[in-house]
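One structure is given here, and the rest of the page talks about it.
Protein chains: 2
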Amino acid sequence: MSRPLRIALAGLGTVGGGVVQALASPELAERAGRKFEIVGVSARDRKKDRGLDASKLTWTDDAVSLVRSDAEVVVELIGGEDGVALALVEGALEAGKHVVTGNKALLAKHGARLAAIAERNGVALKWEAAVAGGIPIVKGLRESLIAYGVDSVFGILNGTCNYILTTMEATGRSFEDVLKEAQRLGYAEADPELDVGGGDTAHKLVLLASLAFGTIPNQTHISVEGIKGITPEDIRFAREFGYRIKLLGIARRTAHGIDQRVRPSMVKTGTPLAHVDAAFNAVLANAGPAGRFFFEGRGAGREPTTQSVISDLVDIARGNLGASFGWPAASLKPLQPSDPGAATSAYYLRFEVLDVPGVLAEIARHLAESRVSIESMIQRGRSPGEPVSIVMITHETSQASVERALKAIVTSDKVRARPCMIPMEAA
Amino acid sequence: MSRPLRIALAGLGTVGGGVVQALASPELAERAGRKFEIVGVSARDRKKDRGLDASKLTWTDDAVSLVRSDAEVVVELIGGEDGVALALVEGALEAGKHVVTGNKALLAKHGARLAAIAERNGVALKWEAAVAGGIPIVKGLRESLIAYGVDSVFGILNGTCNYILTTMEATGRSFEDVLKEAQRLGYAEADPELDVGGGDTAHKLVLLASLAFGTIPNQTHISVEGIKGITPEDIRFAREFGYRIKLLGIARRTAHGIDQRVRPSMVKTGTPLAHVDAAFNAVLANAGPAGRFFFEGRGAGREPTTQSVISDLVDIARGNLGASFGWPAASLKPLQPSDPGAATSAYYLRFEVLDVPGVLAEIARHLAESRVSIESMIQRGRSPGEPVSIVMITHETSQASVERALKAIVTSDKVRARPCMIPMEAA
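Going down the list, the sequences are from chains A and B.
Mapping of the first sequence onto my numbering: residues 1 to 427, in sequence order.
Mapping of the second sequence onto my numbering: residues 1001 to 1427, in sequence order.
Right, dumping it as structure tokens:
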């Protein structure tokens, strides 16, 4: 057996603790052909109970100082798109150390530059844990689905959102209500905005798009909408039409550039993404003539995320360094964005209107003027003079056409609140 | 860019042709950081139309002679568990050449020995294409799901069987009928035994078990049953109980050893394996505390299989050599088989009986004597004195208990034909 792989670990929270424990397994060392030795750790609180014997670890308060340790690999589990995490990762790479990180925000912002630094220094920058927890989708896109490239990627990438939507469907309760419960149970952060607003999904999607298309991670050209506007009524109607509502991150090649978007989407029951429940994540990748590939698994939590960090460490131990984004850094191309309005699909539209004569005619006229044609319509709960919901499914049309029609429709004094517009995604 | 990777290719059928075409892609070379050069090919018929310009390739009639070419990698796509394929693979490894193969029969029989030869010679033996077509499950088990090991693997690994079962369910037609159609459409071989008898699934399962448990591939301790005994009636009853029938390859760690089996199984509707349709393959792996991971994709055909071969070649080009079965060859352990009879599950049982008084009592008595208890029972189509079906779902029990009861039951003159017994798998 070769000499041990020397590792420094910054961040000893849930995942960091899991990594320390997993690295102690003799079976893992046997598998990797090398032992693993933790030569330094850094964490805010040394005394916190982590369920492991931390007394034998060499501690430092200054994470960035691990750059000067004799570690061959630095594992960054601090988080944050700049600051200490960036200084540590950049410093470690420049010092000729491999880096393993789960930091999606950092990579979405600085990924291409860091990959170039890694390459120049002959070291690996690995980040399986940054996307979809334990699912080996980074490796899958980087090393496996490469013969024909990938045309599109659809992901359920945020466990909190998927838990909330799944629970809303199962219980009929409101978004606000389920979110509060999720916070109480520890499934959602005290400040849930990054999750429910779609930002976390966006970080991950930007990374998947980069792997899929060989482009520089790009956070500028992405449209993001979270799940806050989804009502129990939308979920009920979706079910009635044979769909479920999921927050999807979608990246696809179009004739005019790459379309990146995060938004609640209708997914047909019976297709794989529709059945991804609660805390699971999933990614569906269309690999040209090789067809559709689907990966599902736990998207967060101690063990799934640890599994991904360990996989990267064993890759490094075995000498599988590879290119961080699947292409040599110099080959990564700027992302040419498509016009988001040009994206086409069928749409679910829900209008809250006053139940007065002529309201449907008015909506239908505005849709027709924007050349949006209706496939089916449901109007429930007639109560003259009171607000009711009108729900429509359109035929395939461009997002811009629907948005144009909605802009006209909201000017009507019979329409209350902003209409709800959800694309039907044929993933 | 480094110098090209020199490749010799034995077997230029559907997949071989796909590999030649895919290797010509400039994007692939950019991604791999190297060009690929085909320095020799061998195929039975040089003149066959392969949709590619074969005139520029250097041909040989003797595949084994590629061992003496200046290739760095030999791609073996000949097939067969011995003979030319074995001579070529063994010879190439001994000559210090990497080998990429899709030959599951060869690996199931000689895998551990060949892995040791590869290791001794410092070269890679890669075989992503041998299991589940384009799904990167070999890489997934070898490189990703490793922090906590894998407790069990469930696979739908044979597209022909899955096509037949899916079509039987969709049309209500018989096994024989659908098989004939599949043969006419080219989805089944003229001699279908290897597919429908479960042998092909067994080869693949043995390899997955080896990756999952670090054991020497073992074809001795595996119980195999194909799909020939499945009737449209079984499929209808399954649906009625909320299940679908799938041919599963199952490998799991038990308290007393490893259980390997291939058999038609009831899979609960709404769980991932139940929705794997037609020509798709899928693998579900339980990775201990990291949870369940599910991989689905095309399991056969030119492009999916080519994708896996290309993935192995790019791994080699990038210097990711790894251990063939995920552990150093010397660490692979002999498989300790569990007692197949000790496996427990609920069972679906179908009896064809004469509709005479006392028959149900007789069956129930034999089941009770073997301590098999019944969860639910259906008896359809009463026609006194004529054969009818009695269908039962048992509570969880051991396979041995059910088999003991069935052995007694078939001795009854009221029971016609062999009872059908299908485990309900909680995958």
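Cβ atoms here follow ideal geometry from the backbone N, Cα and C, with glycine treated the same way.
Computed from a prediction, not measured in an experiment: that's the story for all the values here.
Cβ-Cβ separation between G270(A) and A202(A): approximately 28 Å, too far for a contact (criterion under 8 Å). At a cut-off of 7 Å between C-beta atoms, K1139(B) counts as an interface residue with respect to chain A. Excluding five sequence positions before and after M168(A), the CB atoms of its chain that fall closer than 8 Å to its own CB belong to S174, F175, V178, I230, P232 and I235, given in chain order.
Bridge partners of G1257(B) according to DSSP: T1254(B). In this structure, the CA atom of L28(A) is about 11 Å from the CA atom of Q21(A). Here the alpha carbon of Y1347(B) sits roughly 6 Å from the alpha carbon of M1424(B). With respect to A405(A), V372(A) sits close: the two C-beta atoms are nearer than 7 Å.
Proximity to D53(A) across A251(A), G18(A) and A400(A) peaks at G18(A), based on C-alpha coordinates.
Boundaries of the beta strand (DSSP E) harbouring Q379(A): I374 to Q379, taken from the DSSP string. In the structure shown, L1125(B) falls within a strand segment according to DSSP collapsed to helix, strand and coil. Only residues of its own chain outside the window of five on either side were considered, and among them H98, I316 and L321 have a CB closer than 6 Å to the CB of A124(A), listed in chain order.
Distance from the CA atom of P289(A) to the CA atom of A92(A), rounded to whole angstroms, is 40 Å. Chain B has no Cβ within less than 7 Å of the Cβ of F36(A).
With respect to chain B, the C-beta atom of A329(A) has no partner C-beta closer than 7 Å. Going by DSSP, E76(A) is part of the beta strand (DSSP E) stretching over V73 to E76.
For N1162(B) and F1280(B), the gap between their C-alpha atoms comes out near 8 Å. Boundaries of the alpha helix (DSSP H) around H1366(B): V1359 to E1369. Residue-level contact check: A22(A) touches chain B, since one or more beta carbons of chain B fall below 7 Å from its beta carbon. When G341(A), I378(A) and G385(A) are compared, the shortest CA-CA separation from M392(A) is found for I378(A). With a contact defined as Cβ atoms closer than 8 Å, V100(A) and V75(A) qualify at about 5 Å. When C-alpha distances from V1015(B) are compared across K1180(B), T1220(B), A1024(B) and G1102(B), the shortest belongs to G1102(B). Contact between the region 297 to 313 of chain A and the region 240 to 255 of chain A is absent: fewer than 3 CB-CB pairs across the two stretches fall below 8 Å. Close to T306(A), with beta-carbon spacing below 7 Å, are these residues of chain B in chain order: A1147. A Cβ of chain A is located within less than 7 Å of the beta carbon of E1030(B). For G1319(B), the residues of chain A that pass the 8 Å Cβ criterion are G319, N320 and L321, in the order they occur in the chain.
Note that the region 1349 to 1365 of chain B does not touch the region 51 to 70 of chain A; fewer than 3 beta-carbon pairs, one per stretch, sit closer than 8 Å.
The three-state reading of DSSP puts S1401(B) in helix, counting H, G and I together. Pairwise C-beta distances place the region 145 to 162 of chain A in contact with the region 181 to 195 of chain A, as three or more of them are shorter than 8 Å. When Cβ-Cβ separations below 7 Å define contact, E94(A) makes no contact with chain B. The criterion of a C-beta distance shorter than 7 Å is not satisfied by P337(A) and I216(A). The DSSP-derived three-state label of V276(A) is coil. Under the Cβ criterion of 7 Å, F1241(B) is not counted among the residues facing chain A.
Counting of Cβ neighbours within 10 angstroms places K1047(B) among the exposed residues, the total staying below 16.
Counting along the chain, G155(A) sits inside the beta strand (DSSP E) bounded by residues S152 to I156. Between the C-alpha atoms of V1283(B) and I1409(B) there is a straight-line separation of about 36 Å.
Contact annotation for A278(A) against chain B: no contact, minimum CB-CB distance about 11 Å [criterion: below 8 Å].
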